[in-house]
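Undergrad: Order-wise, the sequence lines are chains Z and Y. By numbering that gives the first Met the number 0, the letter at position 38 of the first sequence is numbered 37, and the numbering carries on one by one without gaps. By numbering that gives the first Met the number 0, the letter at position 168 of the second sequence is numbered 167, and the numbering carries on one by one without gaps. We put the CB at the ideal spot given by N, CA and C, even for glycine. The structure under discussion is supplied below as structure tokens; questions concerning it will follow.
There are 2 protein chains.
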Amino acid sequence: MAKGLQTRDRILDTAFRLAARDGLEGLSLAGLAGELGMSKSGLFAHFGSKEELQLEMLRTASDLFVAKVLAPSFRQPRGLPRVKALFENWRRWATDPGLPGGCIFVAAAAELDDRDRSPVRDYVVSQQQALLQAVARAARLAVEVGHFRRDLDAEQFAFEFLGIYLAFHQSHRLLRDPR
Amino acid sequence: MAKGLQTRDRILDTAFRLAARDGLEGLSLAGLAGELGMSKSGLFAHFGSKEELQLEMLRTASDLFVAKVLAPSFRQPRGLPRVKALFENWRRWATDPGLPGGCIFVAAAAELDDRDRSPVRDYVVSQQQALLQAVARAARLAVEVGHFRRDLDAEQFAFEFLGIYLAFHQSHRLLRDPR
DNA sequence: TGAAAAAACGACCGGTCGTGCTTTTTTTGT
DNA sequence: ACAAAAAAAGCACGACCGGTCGTTTTTTCA
């Protein structure tokens with residue numbers, strides 16, 4: 000009963016990498032199966048539908064994001080060190096050479112932005128909001144500690160934080176500007 | 000000899016709107032033909048390939064962007080008024096209710112970011128760079144006129160300008176936050 | 001070790017994709 | 001008005017899509 004879950008993890012891990020480059024729709028069962036060296040039907044049996052595979056894949060991506068970006072940052076002392084760690088870890092996440100295609104959430108957000116509501120879209124939205132909230136929380140703590148101006152708008156700070164990340168992501172991935 | 004070009008324009012205009020929502024790959028010939036009330040082959044005869052259609056469509060999008068955002072802004076007096084107009088016109092472009100799906104270039108950029116080079120990708124990159132340059136130029140003029148600090152880094156300003164735009168676009172389209 | 005259960009497989013389904021080729025309809029210039 | 005030219009339609013193709021199903025292989029556990 001363990002072998003199944005093990006392959007399932009392998010599938011999700013590969014799907015995660017593949018989807019970062021080709022998008023959520025661009026990720027095809029045949030292509031994924033080929034990459035894994037297994038049959039399409041054998042792969043598909045692990046999931047009830049492609050949508051469920053996408054959802055599970057995004058969940059593993061979230062877990063990885065928490066493990067690599069959020070958790071280590073929030074282990075830093077509150078205030079400026081934590082905000083700086085957040086920035087630096089997030090930047091690393093977007094440029095990790097092991098993850099071609101950059102941040103899946105950036106790709107997914109652009110892909111789903113004006114689409115109808117769907118479980119996948121709802122999940123991406125909720126994750127994005129949770130992330131903005133986490134950044135805002137770190138900023139508020141930095142105000143309390145005295146590292147930031149007392150009148151700082153934490154939500155606005157999180158918004159601009161995201162903006163810099165998106166612009167950096169685009170410059171790095173699209174324009175291939177290493178700066 | 001005029002009817003052909005006229006239909007061609009209609010096709011490109013509709014393709015432009017459709018691609019903003021569904022992306023460059025998501026835009027299908029059958030769907031586009033259906034939207035136009037014409038046959039897939041009749042439509043296809045206007046272009047040698049789908050790639051050429053995508054390119055032509057992006058060119059019309061660029062023309063529209065210049066006409067609606069850049070040209071009117073650069074008619075404003077140099078300095079702060081011009082920069083403000085740039086910001087405001089650009090914001091309007093991203094929220095134009097006539098263009099569901101927001102800015103095609105944002106969608107295309109996310110879709111193509113880590114893909115191999117292609118004529119379409121090259122075009123999007125060149126347009127993005129030209130846009131950043133235009134913003135930087137406006138910023139430099141604002142420095143000359145004395146509206147901005149003398150030591151302003153114009154390229155950095157353009158980068159952050161883009162960041163705010165991207166974050167705004169995402170918040171508006173994905174999170175549906177009207178703020 | 002052998003039977004039950006889980007996992008992987010291969011063939012196949014209806015449908016859509018982009019793209020040719022041929023024919024019909026519409027527009028154009030005389 | 002009529003022939004030449006342009007535009008649109010019709011049809012078919014091979015490839016790929018997500019998904020189903022019955023069979024075979026592998027794993028698990030008694």
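In three-state DSSP terms, what is residue 114 (chain Z)?
TA: Of the three classes helix, strand and coil, the one that applies to residue 114 (chain Z) here is coil, per DSSP.
Undergrad: For residue 25 (chain Z) and residue 152 (chain Z), what's the separation of their Cα atoms in angstroms?
TA: The alpha-carbon atoms of residue 25 (chain Z) and residue 152 (chain Z) are separated by roughly 39 Å.
Undergrad: Could you check if residue 66 (chain Y) is buried or exposed, using at least 16 other CB atoms within 10 Å of its CB as the buried criterion?
TA: So residue 66 (chain Y) ends up on the exposed side.
Undergrad: Out of Z:2, Z:146, Z:138 and Z:177, which has the shortest C-alpha to C-alpha gap to residue 161 (chain Z)?
TA: Measuring from the Cα of residue 161 (chain Z), the nearest candidate turns out to be Z:138.
Undergrad: Which whole runs of the alpha helix (DSSP H) in the region 52-132 of chain Z are 4 residues long or more, in chain order?
TA: Runs found: 70-73, 79-94 and 103-111.
Undergrad: Which chain Y residues sit within Cβ distance under 7 Å of residue 117 (chain Z)?
TA: Simply none; closest approach about 13 Å.
Undergrad: Please determine, among Z:62, Z:7 and Z:106, the residue with the shortest C-alpha to C-alpha distance to residue 191 (chain Y).
TA: Any answer about residue 191 (chain Y) is impossible in this case: the structure gives chain Y only from 0 up to 178.
Undergrad: With C-beta atoms as the reference, is residue 35 (chain Y) less than 9 Å away from residue 59 (chain Y)?
TA: No; because the gap between Cβ atoms is not below 9 Å, this pair is not in contact.
Undergrad: For residue 29 (chain Z) and residue 21 (chain Z), what's the separation of their Cα atoms in angstroms?
TA: Roughly 13 Å separates the two Cα atoms.
Undergrad: Please confirm if residue 87 (chain Z) has its CB atom under 9 Å from at least one CB of chain Y.
TA: Output row for residue 87 (chain Z): interface = no.
Undergrad: Can you tell me which of Y:154, Y:18 and Y:74 puts its alpha carbon nearest to the alpha carbon of residue 85 (chain Y)?
TA: Of the candidates Y:154, Y:18 and Y:74, the one whose C-alpha sits nearest the C-alpha of residue 85 (chain Y) is Y:74.
Undergrad: By the 10 Å Cβ neighbour count, where 16 or more other Cβ atoms means buried, how is residue 27 (chain Z) classified, buried or exposed?
TA: Result: exposed.
Undergrad: So is residue 115 (chain Y) buried or exposed if we call it buried at 16+ other beta carbons inside 10 Å?
TA: Burial call: exposed.
Undergrad: Does the beta carbon of residue 172 (chain Y) come closer than 9 Å to any beta carbon on chain Z?
TA: Output row for residue 172 (chain Y): interface = yes.
Undergrad: Name the chain Z residues whose beta carbon is nearer than 9 Å to that of residue 99 (chain Y)?
TA: Near residue 99 (chain Y) (Cβ distances below 9 Å), the residues of chain Z are 113.
Undergrad: May I ask you to list, following chain order, the residues of the region 15-35 of chain Y that have a beta carbon less than 9 Å from some beta carbon of chain Z?
TA: Residues passing the 9 Å Cβ filter: 19, 20, 21, 22, 24 and 25.
Undergrad: Let's see if you can read the secondary structure: which residues bound the alpha helix (DSSP H) around residue 146 (chain Z)?
TA: Run containing residue 146 (chain Z): none; DSSP gives neither H nor E here.
Undergrad: Using the Cα positions of residue 135 (chain Z) and residue 10 (chain Y), report the straight-line distance between them to the nearest angstrom.
TA: Straight-line Cα distance between these residues: approximately 45 Å.
Undergrad: Can you tell me whether DSSP reads residue 47 (chain Y) as helix, strand or coil?
TA: Here residue 47 (chain Y) sits in coil by DSSP.
Undergrad: On the DSSP letters alone, give me the boundaries of the alpha helix (DSSP H) that residue 178 (chain Y) sits inside.
TA: That residue, residue 178 (chain Y), is in no alpha helix (DSSP H); it is neither H nor E in DSSP.
Undergrad: Using the Cα positions of residue 50 (chain Y) and residue 93 (chain Z), report the straight-line distance between them to the nearest angstrom.
TA: Roughly 29 Å separates the two Cα atoms.
Undergrad: Would you kindly work out how many angstroms separate the C-alpha atoms of residue 147 (chain Z) and residue 79 (chain Y), rounded to a whole number?
TA: Their backbone Cα atoms lie some 28 Å apart in a straight line.
Undergrad: Taking 8 Å as the limit between beta carbons, can you name the residues of its chain near residue 123 (chain Z), skipping five residues before and five after?
TA: Contacts found: 57, 104, 107, 108 and 111.
Undergrad: Under three-state DSSP, which class holds residue 1 (chain Y)?
TA: Coil.
Undergrad: Tell me where the alpha helix (DSSP H) around residue 170 (chain Y) begins and ends.
TA: Element bounds for residue 170 (chain Y): 153-172.
Undergrad: Quick check: the Cα distance between residue 113 (chain Z) and residue 175 (chain Z), rounded to an integer number of angstroms?
TA: Taking the straight line from one Cα to the other gives about 27 Å.
Undergrad: In whole angstroms, what is the alpha-carbon distance linking residue 156 (chain Y) and residue 142 (chain Y)?
TA: Each residue's Cα considered, the two are about 11 Å apart.
Undergrad: Does the beta-carbon distance from residue 99 (chain Y) to residue 19 (chain Y) come in below 9 Å?
TA: Yes, they are a contact pair.
Undergrad: Compare the Cα-Cα distances from residue 145 (chain Z) to each of Z:169, Z:91 and Z:82 and report the closest residue.
TA: That would be Z:82, whose Cα lies nearest to the Cα of residue 145 (chain Z).
Undergrad: Just to confirm my understanding: we take residue 178 (chain Y), look at its own chain, exclude 5 residues before and 5 after, and list those with CB closer than 8 Å. What are they?
TA: Excluding sequence neighbours, residue 178 (chain Y) sits near 170.
Undergrad: Just the chain Z side, please: which residues come within less than 7 Å of residue 104 (chain Y) by C-beta, in chain order?
TA: Simply none; closest approach about 10 Å.
Undergrad: Flag residue 122 (chain Z) as yes if its beta-carbon sits less than 9 Å from any beta-carbon of chain Y, otherwise no.
TA: Cβ-Cβ to chain Y under 9 Å: no for residue 122 (chain Z).
Undergrad: Give the residues of chain Z in contact with residue 128 (chain Y), contact being defined as C-beta atoms less than 8 Å apart.
TA: Under the 8 Å cutoff, chain Z gives 174.
Undergrad: Using a beta-carbon distance below 9 Å, is residue 156 (chain Y) in contact with chain Z?
TA: It does not; no Cβ of chain Z falls within 9 Å.
Undergrad: Could you work out which residues of chain Y lie near residue 165 (chain Z), taking near to mean beta carbons separated by less than 8 Å?
TA: Ordered by position in chain Y, the residues that pass the 8 Å Cβ test against residue 165 (chain Z) are 162, 165, 166 and 169.
Undergrad: Could you give the C-beta distance for residue 53 (chain Z) and residue 23 (chain Z), rounded to a whole number, given that I count them as a contact under 8 Å?
TA: With 8 Å as the limit, residue 53 (chain Z) and residue 23 (chain Z) qualify as a contact, their Cβ atoms being about 5 Å apart.
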